Every structure is written in C-alpha cells, then in structure tokens.
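All residue numbers for the sequence shown refer to our numbering, where the first residue is 28 and numbers rise by one. C-beta atoms are modelled at their ideal positions from N, C-alpha and C, and glycine is treated no differently. Note that the structure is predicted; figures quoted are calculated from it, not measured. Okay, so here's the structure we're looking at.
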Amino acid sequence: MKRIYRIAGYCLFGVFFHLPAGAQIPAHHLSRVDEMADLPQPFRIIDFRELALRFDRTVFDFKATGQYWPLVWIDSSGRNFPQPVAGIYTAIGDVRQGPANNKGMFHEALASMGSVLGATLVGIDKRKGLNYVGMLKNYFNKETGWDIMMNNTCPEVALLGGGYGRDWWYDVYPNVLFYAIYNQYPDEPDFNTIAHQIAEKFCLADSILKGDYHYSFFNYGNMRPMKNSICEQPDAAAGHAYVLYAAYKKFGDRRYLNAALSAMNALQSNKINPTYEVLMPFGAYLAARINAEEGTRYDLNKMLEWSFDGTAVCRTGWGVLTGNWNGMDISGIVGSTVDHGGYGFLMNTYDAAIPLIPMVRYDQSYAAAIGKWMLNAANAAKLFYPQYMPADHQTIPGRASVTKGVIGYEGIIRNSSYKEYEDLKGPVAQGDGPLWVTGKNPDVSQFSVYGSAHVGIFGSIIRNTEAKGILQLNLLSTDFFHDKAYPSYLYYNPYKIEKTVTIPLHPDSRTDLYNTVTGKFIARDLRSSGKIKLPARGAAIIICIPSGGTQTYEGQKMLVNGIVVDYHSGRNHDH
28 MKRIYRIAGY CLFGVFFHLP AGAQIPAHHL SRVDEMADLP QPFRIIDFRE
78 LALRFDRTVF DFKATGQYWP LVWIDSSGRN FPQPVAGIYT AIGDVRQGPA
128 NNKGMFHEAL ASMGSVLGAT LVGIDKRKGL NYVGMLKNYF NKETGWDIMM
178 NNTCPEVALL GGGYGRDWWY DVYPNVLFYA IYNQYPDEPD FNTIAHQIAE
228 KFCLADSILK GDYHYSFFNY GNMRPMKNSI CEQPDAAAGH AYVLYAAYKK
278 FGDRRYLNAA LSAMNALQSN KINPTYEVLM PFGAYLAARI NAEEGTRYDL
328 NKMLEWSFDG TAVCRTGWGV LTGNWNGMDI SGIVGSTVDH GGYGFLMNTY
378 DAAIPLIPMV RYDQSYAAAI GKWMLNAANA AKLFYPQYMP ADHQTIPGRA
428 SVTKGVIGYE GIIRNSSYKE YEDLKGPVAQ GDGPLWVTGK NPDVSQFSVY
478 GSAHVGIFGS IIRNTEAKGI LQLNLLSTDF FHDKAYPSYL YYNPYKIEKT
528 VTIPLHPDSR TDLYNTVTGK FIARDLRSSG KIKLPARGAA IIICIPSGGT
578 QTYEGQKMLV NGIVVDYHSG RNHDH
C-alpha cells in the first residue's frame, strides 16, 4: 500500500513528492553567474572522484616509469622536523625540482597539501604506508621563527619561485589548507600544537594590523607588515579570518573568534574589490557562516560579487570567467577575466569550491546561483585535461601521453600568450611553466601537477544524477570544523521545465527529508531512496534526517535532536 504524505496542501504518493514552488525563499542572483549558460556546451561532467583516485595511485608511485617520471621523490634535508618529506613536482619536468636539483629541497606545499587533502576527501588514508600526512609538518617554518605553514620548507629556495615571505597569499593559503587537513586527521602527532601556534601568530598579526591589511605581505618572524613591488593584498584578511574561526571552532578560545571578527571587519571595510588570488571566496563563506552562527551582519552579497565579478583592481580583473569561445563554454573557471582575453587556472577553479559549496548551508538564498556556477565550472574543468580538450585547442597535444591521463594543463586562455601558438583559436589549454625558467623548463612543464593535485575537491563534492545536467553536490565535504550536521546536498535544475531526480538514502534506516530552500519537510519515513521534482531553474538543499526526531527552534534556527537543520527557518514555517 502506498503511503500518502500531505505537506502544505500537496498529496504526495509513495516516495514521490513535489517541491512547492510558492514556498520558495527569495533567490539572490550573482551578476557573473547570470551571464553563464544554463546548460553549458559541449556538455559532459567527468568522474572527478575516479580521476582523483587515479591521480593518487599514479603520482605517488616512486617506481613510475617514463620520461619525467616519477613525479615524487624524498627530501631528506630534515628542515623544521628531523624526518624525510615527499616532494612533488610543481609541473612536469620542472628543472628546479627533483632529488638531484637544489638538494631536493624545492617543493611546494600547494602540491603536497593539495594532493593529501584531495586524496583524503575521496576516501584515501594518506597515513598508510608512508605517512604523507605527517610529512606536511616540514612546511611549518619553525627554523625561521615564522611558526606558520609556508609554501616551502626553507628560505634557501626562496628565489626559485613559489613565494616565500614576500607574496602574502603564498604565506596564508598553506595554513588554510593545513587546517582543512587537520580537520581530517585531528590525531596526527604535533598537529594540535602546530594548529595552536598558527592561530596564535594570526591572532597577534591581526592585533598589530589593527584593521589595515593593505600590505604586500606580513613578516611573521618580526611581526611587521611589509610592502614591496607586489601590490597590496587586503583579502589576506579572509585567510586570517578563516583560519582563526576554524581555530575557535576547534579550541573554543574566544580570542580566536574576536580576531576572526576583526579580520572580517577589515575585509568588509574595503571600498574597492580586494581580490588577489584564492582567498576572497573564503571571506564570503565566513560571512554566511558567522552571520548564521554568531548573528553578525556581514555583507555576503558584496563579498560574493567581489569573488566573481572580475572588478579586482590590484590583481586586475581577477574573478570568475564567463563566455563561449568558438563553440565551447568556459564559464565558471577562476582566474583573470582580462589577461589575453581571459585566463583561468585549474587549481583556482578546484579550490573555489572549498568555501563556495558549503556556504549555501548557511545562506540558502544563493543555492541556485552557486548550483549554476558549479555546473558550469564542473563542465569546463575537463578542458584543462588533454584527453578532453580538442587537439587544435591545446599547445602540445603531441605530448599528452606524458600526463598518464591524470595531469592537466595549468590554465585555459582565450588567446595564447606564447607567440608560437598565437594562431590557435581559443580556448587554448596551456601553462606558464616554460616561463618560470626561461629556456630551461621543457614544454611539458605546461602540464600542472600542483593544480591537478586538487582534483579530489571536486571528486568529493560532485555526483551525477540520472538527469543530465543535474548534479548532487555534497555540502559537508569541505565544510571543515562544522558543527554536527545531517547529510546535506544541493541540487540545481538548469532546465526551463521541472525535472525529477532520485535521492539515494541509507537502506537500513528511515529518513525524513527537509528542504531549506522551501523551509519545509517534504517527506517522512523514507527508505533506500526518494524522488523529487525540482522547479525550473531552481534549487533544493535537501537535509537527510533520521525519522522520528524532536524538532525545536532557537531564534531563526530549526533543529532536530539538537542539530541545526535550517539556519534561517524562522517560526513562520509549518512545524
């Protein structure tokens, strides 16, 4: 006998139900996302999880054969901690790196941390066998007295590239990545101490900056803000705030909360777009989360527009690209909107999802906008990989075999910045590697190991559904240090008509489904799966809750069994 659910006047038969369109909360738009295709073409969402698994087993193979392989080696210099550390090439064939160059000491945290985080997010324990998690401690620069995670293990390789105490985002972002990894491995020896020390440094730095982050970098050794030939990076405040708020959630020290709020106040006080590289979306995420959890009123829309709209002044045009170049939609990738007509980068595109996807847990009014962005970004991301980009749209298609199918180009550009490739029609897959060491780095250094290392971020978030173009996006995968939460998913329908998708559920338990976009329970007591009809060009955020729980309210929050389900429910919805 079919069960009949009666929700807000709708009869729902069995496990099939309809999201009541009239109950939709007002959806906020992002101007850049509005420019993107509803269903980008040519359309194909690759299996990013499988790609992440293949990347891990291929790149971490010390016995890999072939020219320029293996891509991993052991650095035995023991900088900062008396232990060996795995080095990973920044780009294929990078002559600055490897066991025989510069004593094997030049390797970047962006590659090492990105690969460990990405693998972990798709289910690989990177402590098994060689403990790659523990090796990351060597990037904690205690020998220099900076006592934060940095992109290199020592200053001896500073002039080789990759930032070292002179380019602020390079100093801040490894700490953002470390805290993400620390969330996954909280019991790793020394991680607690390191996390505390980082938080103390960032807390003290914020008190010295006193709301003024308009510097090129901060010297965490002598605790002084600095300016140099690199332009000011006031969005470093977003990185400080992200780490400090994570430290507050982990350790409960209100000094860290106050410092995070101070950094967020500094970020919000900017009159022009402060975006520089990767940090601004983390500020947007924090605006939504702290507003929801602490009752603040940060301007989320401003920070999201800053993240997307390409109006950055210092890093001219930095944001999210849009457009169709010669029949290929490239919308959603992150980088310069103006360099050679637009130049998006693989790492930046992957990493933007870390904050932007879980952000909608805390403010569901952006569910459709973020769902549409992610659909476009996921579709365009495959074009960085030579096996998915047409040969006449990449600089070195004849060298594709060297990637073993797991390494992509560093970027996608509208008009190639290389004179020898200027006749190629955009989009052109290329990389900057040969320019880092002019005349020495081979052409294959356009293939980006460090960018490809972050594929597990998309791999942990994205799943296809049975409806082409409708993705299931995991909202908890990168919501690090979140409070207790039930499984949460974003679905976006890009079509002009409503569409049906299946929500897989645990077969051995009973589940209630709540949609934060409508602010209502839409089904109860389900097993195995349920089907939902998504409104045209609309979104649903589905929270999967064990049946029979006790529902309570705390202000605008709706909770079940003491766990927040909806941060903006209010008391005007059906209880």
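Check, Outcome
"Could you spell out where the alpha helix (DSSP H) holding methionine 291 opens and where it closes?", "281–295"
"Locate the alpha helix (DSSP H) running through proline 385, then write down its first and last residues.", "373–389"
"Looking at C-beta atoms only, is the number of pairs between the stretch 57–73 and the stretch 384–400 that lie closer than 8 Å three or more?", "yes"
"For lysine 130, does the count of other Cβ atoms within 10 angstroms reach 16, so buried, or fall short, so exposed?", "exposed"
"Taking DSSP as the reference, what is the three-state secondary structure of proline 573?", "strand"
"The ligand HEM heavy atoms versus the CB of threonine 220: any closer than 7 Å?", "Absence of the ligand HEM is noted for the structure shown, with no ligands found whatsoever."
"Quick check on this structure: which residue in Phe309, Glu227, Asp239, Gly192 has the alpha carbon closest to the alpha carbon of alanine 274?", "Glu227"
"Hey, could you find the ends of the alpha helix (DSSP H) asparagine 210 is sitting in?", "195–211"
"Nearest to threonine 545 by CA position, among Gly486, Lys495, Arg537, Asp390, is which residue?", "Asp390"
"Considering only the alpha carbon of each residue, which of Tyr159, Leu284, Gly322, Phe278 lies closest to lysine 584?", "Gly322"
"Are asparagine 375 and glycine 354 touching if we call contact CB-CB under 8 Å?", "no"
"Can you list, in chain order, the residues of its chain with a C-beta nearer than 8 Å to that of valine 455? Leave out the 5 residues immediately preceding and following it.", "His420, Gln421, Thr422, Ile439, Ile440, Arg441, Asn442, Ser443, Tyr448"
"Could you pull out every residue in the same chain whose Cβ sits closer than 7 Å to the Cβ of valine 305, ignoring the five residues on either side in sequence?", "Trp196, Tyr200, Asn375, Asp378"
"What would DSSP say about glutamate 447, mapped onto helix, strand or coil?", "helix"
"Beta carbon of glycine 496, beta carbon of leucine 78: below 8 Å?", "no"
"Quick check on the burial criterion: 16 or more other C-beta atoms within 10 angstroms. Buried or exposed for isoleucine 434?", "buried"
"Leaving out five residues before and five after alanine 264 in sequence, what residues of the same chain have Cβ atoms less than 6 Å from its Cβ?", "Tyr240, Ala290, Ala293, Leu294"
"For tyrosine 594, I'd like the list of residues in its chain whose CB is within less than 6 Å of its CB, leaving aside the five on either flank, ordered along the chain.", "Ala319, Tyr389, Lys584"
"Measuring CB to CB, does threonine 180 end up less than 8 Å from methionine 132?", "yes"
"Write down the C-beta distance between glycine 145 and alanine 480 rounded to the nearest angstrom, noting that I regard them as a contact closer than 8 Å.", "6 Å"
"Whole-angstrom Cβ separation of leucine 457 and tyrosine 436, contact assumed at under 8 Å?", "Residue identity differs from the one stated: residue 457 is glutamine in this sequence, not leucine. Rounded, the Cβ-Cβ distance is 6 Å, consistent with contact."
"The beta strand (DSSP E) with glutamate 581 in it runs from where to where?", "578–581"
"Tell me where the alpha helix (DSSP H) around leucine 586 begins and ends.", "Taken as a continuous stretch (DSSP letters only), leucine 586 belongs to no alpha helix (DSSP H), being part of the beta strand (DSSP E) at 584–587."
"Leucine 383 to leucine 498, Cα distance in whole Å?", "15 Å"
"Report the three-state DSSP secondary structure of valine 143 (helix, strand or coil).", "helix"
"Alpha carbon to alpha carbon, what distance is there between serine 139 and isoleucine 257?", "25 Å"
"In whole angstroms, what is the alpha-carbon distance linking isoleucine 235 and tyrosine 269?", "18 Å"
"So the alpha helix (DSSP H) alanine 226 belongs to, where does it begin and stop?", "218–236"
"Quick one: what does DSSP say leucine 540 is sitting in, helix, strand or coil?", "strand"
"According to DSSP, is asparagine 353 helix, strand or coil?", "coil"
"Give the straight-line distance between the Cα atoms of tyrosine 209 and asparagine 255, rounded to the nearest whole angstrom.", "32 Å"
"Let me know the secondary structure DSSP gives proline 461 once reduced to three states.", "helix"
"With the cut-off set at 8 Å, would you say isoleucine 72 and asparagine 491 are in Cβ contact?", "yes"
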